[in-house]
Amino acid sequence: MSGHHIIPMKFLLGTAGALFVLTALTVAVHYIHIPAPFNIIVAIGIAVLKASLVAMFFMGLFWDKKINTIALMLSVVFFVLMVGVTMLDTMFRDKPFGIYDKAPAPPATTSAAP
Amino acid sequence: MTNTTKPVAIREFPVEEFPETHYLNATKGLKSWMLTLDHKRIGLMYLASVIFFFFVGGLLALALRLELWEPAQNFMDAETYNRVFTLHGAVMIFLFIIPSIPAALGNIFLPVMLGAKDVAFPRLNLASFYIYLGGAMFTLYSMAHGGIDTGWTFYTPYSTNSGSAVISMTFGVFIMGFSSILTGVNFITTVHKMRAPGQTWGKLPLFVWSLYATGVIQVLATPVLAITLLLLIMERTLGIGIFDPALGGDPVLFQHFFWFYSHPAVYIMIVPGFGIISELISTFSRKVIFGYWAVALSSLAIAFIGFLVWGHHMFTSGQSELSTVVFSFLTFFVGLPTGIKIMNWVATMYRGSIWLATPMLYAIEFLFLFTIGGLTGIMLGALSVDIHLHDTYYVVAHFHYVMMGGTVFAFLGGLHYWWPKFTGKMYNETLAKIASVILFIGFNMTFLPQFVMGSQGMPRRYFGYLEQFQTLHQYSTVGSWILGVGFLLVAYYLIVSLVKGAKAPSNPWGGRSLEWMTSSPMPAHNFEHVPVVIHGPYDHHQPIAEFRMGIDAPHHDTTHA
Amino acid sequence: MSHTDSMSANAHVQHHFVDSEQQFDSAKLGMWLFLVTEVLFFGGLFVAYIVYRAWNPELFTLAATQLDTVMGGINTLVLIGSSLTMALAIRYAQLNDAKKSFWMLGATIAAALVFMVIKYFEYTHKFHLGIFPGEAYTFTGIDHPKAHIFFSIYYMMTGLHGIHVLIGIGLIGWLMVKTKRGAFSAEYYTPVEITGLYWHLVDLIWIFLFPLLYLID
Ligand SMILES: [Cu+2]
C-alpha cells in the first residue's frame with residue numbers, strides 16, 4: 000500500500016465517533032472514582048487507545064509505509080526509557096543499599112602493625 | 000507512475016578529469032552562495048564556519064593553558080577564567096564538534112556516496128545553516144554581554160542565579176539544536192529515499208551508516224535538550240521551580256534532563272568520526288572492510304545503548320544508589336560495540352597493503368588516541384573508581400582523548416582524504432605528514448599529564464592549584480603550544496594548496512565508493528548520469544570500471560518550467 | 000498515466016527527485032521524523048510531570064480541582080472534531096475537490112480558534128485567582144508547599160501546546176490560500192498531507208494532556 004491511500008469515509012467518521020465516545024468514557028470514569036493505581040491505568044489506557052486510533056486512521060499509518068510507524072514507535076520507546084530510567088533515581092532516592100558504608104569497621108583490638 | 004518499463008542500458012561512464020565547470024564555479028556571485036540549495040556548497044559554508052569556531056575555541060584553550068602556567072593568578076582573574084572555560088566548552092561542543100563532521104563533511108559527501116543529486120530537503124538544509132549561524136550570533140552576543148560562568152553543562156541551581164548571560168547563551172544553544180535536528184531529519188530521509196539504483200543497505204559506505212546512526216541520535220536526543228534549556232530559561236525568568244531547590248525543585252532532575260541529551264550527544268560527536276575511520280582504513284589498506292555488518296550495526300547499537308547510560312555523569316550528584324549501580328553496569332555495555340569497531344579496523348589492516356598517506360596517518364593516530372580515551376572511559380564508568388576521579392583532570396583528559404584525539408583526528412583525516420575531491424587541489428603531502436606528527440606529539444603532551452594530575456586529585460575547572468601540580472601543568476601548557484603550531488601548519492599548507500596546489504585527479508587514493516567515481520571537484524549535480532551500484536564500497540578486488548556503471552540521466556525539461 | 004499528461008502533472012517534482020512518488024514519500028518520512036522530535040520535546044515535560052506526580056500524588060489531586068473539567072472536555076471534543084475536518088480536507092484534496100477541501104481547512108481553523116478562546120478564558124480565570132506560573136503564584140486555596148510547581152508544569156504543557164495550535168492555524172491558513180489558488184490536486188497535495196500529520200499530533204498530545212491534568216482523582 001502506498002502513502003497515497005484515500006481513507007474511506009466510514010473510517011474517518013467511525014474514528015471520530017469512537018474518539019467522542021472514548022472521551023465521554025474517560026470523563027465518566029473520572030466521576031466514578033476508581034481506587035488509586037487503577038484510575039491512572041484506566042485513564043492512560045483510554046488515552047493510548049485514542050492516540051492509536053488517531054495515528055492509525057487519521058494519520059493513515061494503518062495503510063502507510065511501515066517506516067513511518069517505526070519512527071513513531073521509536074519515539075514512544077525512547078520516551079518510556081527516559082521516564083523509566085529517570086524514575087530508577089527519583090523513586091529510590093531514600094532507599095539506600097548501603098553500598099557506601101559496607102566497609103568493615105576496623106576491629107577494636109588488633110595487634111600493632113607488624 | 001511508470002507502467003511503461005523501457006529497457007535501460009547500463010554502461011560505463013568514464014570520469015572526466017580536471018573539468019572546466021564544476022559545483023564551485025557553475026554559478027557565480029555572492030548571492031549564488033548565500034541562497035544556494037546545493038548540498039556541497041552548504042557543506043562548504045558549514046566547513047568554513049566550524050573551522051572558524053574551532054579557531055576561536057582553540058584560542059580560548061590556549062589562554063586557559065597559559066593562565067595555568069602558575070598555581071596562582073597569572074594574567075586573568077578567576078571570574079574571567081570561569082567565563083573562558085565555559086565559553087571554550089560551549090563553542091567547541093555546540094559550534095564546532097556537533098556540526099563538524101555531519102553538517103560539513105557529511106553534507107558534502109552523503110548524497111554523492113548515495114548516488115543522489117542532493118539531500119532530500121535542500122531548503123531545510125540551507126535553513127539549518129542559517130539557524131546555526133543565528134544560534135552562533137546569540138553565543139557571541141552573550142560573550143559580549145558579560146559571558147557566562149556556569150560551565151557548558153549549565154547545572155542548576157547555579158545557572159538559575161548566576162549573574163552572567165545565561166539566558167542568551169542557552170537560547171543560542173536552543174536555536175542550534177533545531178539546526179542539528181534538521182540535519183538529522185534530512186540525512187535519515189536521504190538515506191532512506193534517495194539511494195541510487197543498486198545502492199542497497201548492504202552496499203552503503205560505512206560513513207553513510209555512521210551518519211544515519213548519528214541522525215537517529217540527533218532526532219531522538221536533541222529535542223530533550225531543547226525542552227531542558229527552555230525550562231531553564233523559564234526557571235530564570237519566571238521561577239517555575241522545577242529545578243531550583245530554593246523554590247521546591249530538584250536540581251538532580253536537571254542533570255537527568257541534561258545528560259539524557261548530552262551523553263547521546265557524545266555519540267553525535269564521535270560516531271561520524273568512526274565512519275570516516277572505516278573509509279580511511281579500508282581505502283589505504285586496499286582491503287575490503289573486515290566485518291562490514293558488524294561495523295555498520297555497531298553504530299546503531301551505540302546509538303541505542305548510548306541512551307541508557309547518562310547517569311554515569313551523576314554518580315556523585317545524590318541520585319539514588321540503585322540508579323548509580325544500574326548506570327555503571329549499563330555503561331560497560333557501550334564498550335562492546337566500540338570494541339567491535341576497533342577490532343574490525345585492526346583486522347582490516349592485518350595483511351593489507353597499507354599506504355601511509357596523510358589520511359591513513361591520522362587514522363592510525365586515531366586508533367591510539369581513541370583507544371586510550373575509550374578505555375579510560377570504562378574506568379570512569381566503574382562506580383567505585385569514579386567516586387575518586389569525578390570532576391578531576393582525569394575526566395578532562397578522558398574526554399579530550401575521545402573528543403579531540405578521536406573526533407578531531409578523524410575530522411582531520413576526513414578533511415585530508417576528501418580535500419582533493421571537494422576542492423580539486425592536492426596539498427603538500429610532506430608538510431601534511433609533519434603536521435600530523437606534530438599534532439600527535441602535542442596532543443599527548445597536553446593531555447597525558449592530565450591523567451596523572453587527575454588521579455592525584457587535581458580538580459577540573461579550578462583557577463588555582465597546589466604547587467605540587469605545577470610541573471605537570473607546565474608540560475600540558477607547552478603541549479598546547481605544540482598543538483597550536485601544528486594547527487597553524489595545517490592551515491598554512493591547506494591555504495597554499497587552494498592558491499597554487501596541483502590539480503587533483505578524480506581518484507587520488509584509489510577509493511571504491513561513489514564519490515571517487517565522479518570528477519574532482521564534482522559537477523553541480525554530482526554525476527552527469529544516474530549511477531548504478533554493482534559492488535560493495537570496499538571491493539578493491541573488483542575492476543574499477545565496474546564501479547563507474549550508470550544509466551543516462553532522464554531529461555528534466557519539464558521541471559524548470 | 001500516459002506520457003503526455005505526466006509532463007504537466009510532474010511540474011511540482013523538484014530536480015533532485017526521480018519522480019513524484021519519491022518526493023511524496025520523502026516529505027512524509029521527513030514529517031514523521033519531525034513528529035518524533037515533537038514527541039520527545041513534549042516528552043521532557045511529561046517526565047517532569049510524572050516525576051513530580053509520583054513524588055506528590057496528593058498535590059496533584061488537590062490542584063486538579065482548580066482545573067475546569069467541562070472546559071477541558073469541550074476542548075478535547077473540539078480538537079477531535081478539527082482532526083476529523085483536517086482528515087476530510089486531505090481526502091477532498093485527493094479527490095480533486097478543491098472547494099470542499101478549502102471549506103474543511105476553514106472548519107479546522109474555526110475549531111482551533113474555539114480551542115484557543117476557551118483556553119483564554121481558562122487562563123484569565125486562573126490569573127484572576129492569582130494562579131500564575133512560577134514565583135508570581137499568589138493563590139492560597141491549595142494547602143501544599145509545592146502547589147506552584149504543579150501550575151508551572153500545567154502552564155508549560157498547555158502553553159507549549161497552545162503555541163503549537165497557533166502555528167497550526169498559521170500553516171492551515173497558508174494551505175487555504177494555496178488551495179484557493181488551485182495549487183493542490185490528486186497528483187500533488189503533499190503540503191496538505193504533512194500539515195495534516197502535524198495537526199493530528201497536536202490533537203494527540205492534547206489527548207494525553209486532558210486526562211493527566213484535568214482528570215486526577
Ligand atoms: Cu556520558
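Chains as they are written, first to last, in numbering that gives the first Met the number 0: chain A, 0 to 113; chain B, 0 to 560; chain C, 0 to 216.
We treat Cβ as the ideally placed atom computed from N, Cα and C, and that holds for glycine.
- Taking all protein chains shown into account, HIS21 of chain B has 16 or more neighbouring C-beta atoms within 10 Å of its C-beta and is therefore buried.
- Inclusion of GLY42 of chain B and LEU104 of chain B in the CB contact set at 8 Å is warranted, their separation being smaller than that value.
- Residues whose Cβ lies closer than 7 Å to any heavy atom of ligand 1, listed in chain order: B:TRP258, B:HIS262, B:VAL265, B:VAL308, B:TRP309, B:HIS311, B:HIS312.
- Secondary structure at ILE168 of chain C: helix, using DSSP grouped into helix, strand and coil.
- Secondary-structure assignment with DSSP links MET548 of chain B through a beta bridge to B:GLU11.
- The three-state reading of DSSP puts HIS147 of chain C in helix, counting H, G and I together.
- Just so you know, the alpha carbons of HIS87 of chain B and GLN22 of chain C end up roughly 42 Å apart.
- Per DSSP, PRO70 of chain B has no beta bridge partner at all.
- THR330 of chain B and GLY380 of chain B do touch by the CB rule: their CB atoms are close to 3 Å apart, below 8 Å.
- In terms of Cβ geometry, THR221 of chain B and ILE180 of chain B form a close pair [threshold 8 Å].
- Judged by beta-carbon spacing, PRO110 of chain B lies within the 8 Å limit of MET193 of chain B, meaning their Cβ atoms are closer than that value.
- Put simply, the CB of ASP24 of chain C is near chain B, with a gap under 8 Å to one of its CB atoms.
- For LYS424 of chain B, the beta-bridge partners assigned by DSSP are B:LYS502.
- With fewer than 16 neighbouring CB atoms inside 10 Å of its own CB, LYS98 of chain C falls in the exposed class.
- Taking 8 Å as the cut-off, the beta carbon of GLU16 of chain B is found no closer than this to the beta carbon of PRO448 of chain B.
- Look at PRO7 of chain A here: in three-state DSSP terms it is coil, with no helix or strand label.
- The three-state secondary structure of THR391 of chain B, taken from DSSP, is strand.
- DSSP, reduced to helix, strand and coil, places PRO458 of chain B within a strand of the structure shown.
- With its beta carbon at least 8 Å from every one in chain A, LYS145 of chain C lies outside the interface.
- Counting C-beta atoms within 10 angstroms of its own C-beta, SER519 of chain B has 16 or more neighbours from the protein chains shown and is therefore classed as buried.
- According to the DSSP assignment, PRO530 of chain B belongs to the beta strand (DSSP E) that extends over 528–530.
- Between the segment 494–514 of chain B and the segment 432–451 of chain B, the count of Cβ pairs shorter than 8 Å is below three; the stretches do not touch.
- Proximity of LEU170 of chain C to chain A, defined by a Cβ-Cβ separation below 8 Å, is not satisfied.
- In this structure, ILE187 of chain B sits away from VAL207 of chain B, with a CB-CB distance that is not shorter than 8 Å.
- The way I'd put it, the segment 133–149 of chain B doesn't touch the segment 234–249 of chain B; fewer than three beta-carbon pairs between them come closer than 8 Å.
- By the neighbour-count definition (other C-beta atoms within 10 Å, threshold 16), GLU364 of chain B is a buried residue.
- Within chain C, the residues VAL35, THR36, GLU37, VAL38, LEU39, PHE40, PHE41, GLY42, GLY43 have their CB atoms less than 9 Å from the CB of PRO222 of chain B, given in chain order.
- Bounds of the alpha helix (DSSP H) holding LYS49 of chain A are 35–52.
- With the criterion set as a beta carbon lying under 8 Å from some beta carbon of chain B, the members of the segment 36–68 of chain A are ILE66, in sequence order.
- Per DSSP, VAL35 of chain C is one residue of the alpha helix (DSSP H) stretching across 19–54.
- Under the 10 Å beta carbon count, PRO144 of chain C is surrounded by fewer than 16 other beta carbons and is classified as exposed.
- Interface flag for VAL50 of chain C against chain B is set, since a Cβ pair is found closer than 8 Å.
- At a cut-off of 8 Å between beta carbons, ALA62 of chain C makes no contact with chain B.
- In the three-state reduction of the DSSP assignment, ILE241 of chain B falls in the coil class.
- Residue contact check for VAL84 of chain A against chain B: a CB pair falls below 8 Å.
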